[in-house]
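S.K.: The numbering of the sequence shown is my numbering, which starts it at 98 and goes up by one. The beta carbon of each residue, even a glycine, is placed where N, CA and C say it ideally should be. Because the structure is a prediction, the values reported are computed rather than measured. Below you will find the structure I want to go over with you.
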Amino acid sequence: MPFSNGSGYSNPEVDRLLEAAAVESDPAKRRELFCAFQVIIATDLPDINLVTGANLTIANRKVRDHTITIDGPSANFADVWLEA
98 MPFSNGSGYS NPEVDRLLEA AAVESDPAKR RELFCAFQVI IATDLPDINL
148 VTGANLTIAN RKVRDHTITI DGPSANFADV WLEA
């Protein structure tokens, strides 16, 4: 599962900020909550990627809309279709 806290990071203030941002309807207040969250994360640096694998997609030209998001081939294939 992506974004599942694989590093085991734990910070009650980060939890509070994310929970508050998830229900905040005012965009300006939500932005403030996310900015505060980012300051803490940048300071704590709970996770850092040392190695990143190459993202490759190999597909047939008749297969359409297979990688239309940043997730690439890991994304939802609900809109994939075959060209006649």
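1) Please report how far the alpha carbon of residue 112 lies from the alpha carbon of residue 140, in whole angstroms.
2) Looking only at C-alpha atoms, which of 170, 157, 167, 114 sits nearest to residue 136?
3) Using only CA atoms, which one of 162, 169, 143 lies nearest to residue 154?
4) Just to confirm, is the Cβ distance from residue 161 to residue 148 under 8 Å?
5) Tell me which same chain residues have a C-beta within less than 7 Å of the C-beta of residue 143, skipping the five on either side of it?
6) Spatial neighbours of residue 134 within its chain, please: CB distance less than 8 Å, with the 5 preceding and 5 following residues excluded, ordered by chain position.
7) Work out the CA separation of residue 158 and residue 181 for me, nearest whole Å.
M.R.: Reading it off the structure:
1) Start at 1 with the first residue of the sequence shown, and residue 112 comes out as number 15. Start at 1 with the first residue of the sequence shown, and residue 140 comes out as number 43. Going from the Cα of residue 112 to the Cα of residue 140 covers about 15 Å.
2) For the purposes of this step, residue 136 is taken as the residue at position 39 of the sequence shown. Measuring from the Cα of residue 136, the nearest candidate turns out to be 114.
3) The count along the sequence shown starts at 1 and reaches residue 154 at position 57. Distances from the CA of residue 154 to each of 162, 169, 143 were compared; the closest alpha carbon is that of 169.
4) Stepping through the sequence shown from its first residue, residue 161 is reached at position 64. Stepping through the sequence shown from its first residue, residue 148 is reached at position 51. At the C-beta level, residue 161 and residue 148 stay beyond 8 Å of one another.
5) Counted from its first residue, the sequence shown places residue 143 at position 46. Cβ within range, chain order: 104, 106.
6) Working through the sequence shown from its first residue, we reach residue 134 at position 37. Excluding residues within five positions, the ones whose Cβ falls inside 8 Å are 111, 114, 115, 118.
7) Position 84 of the sequence shown holds residue 181. Position 61 of the sequence shown holds residue 158. Spanning the two alpha carbons is a distance of roughly 11 Å.
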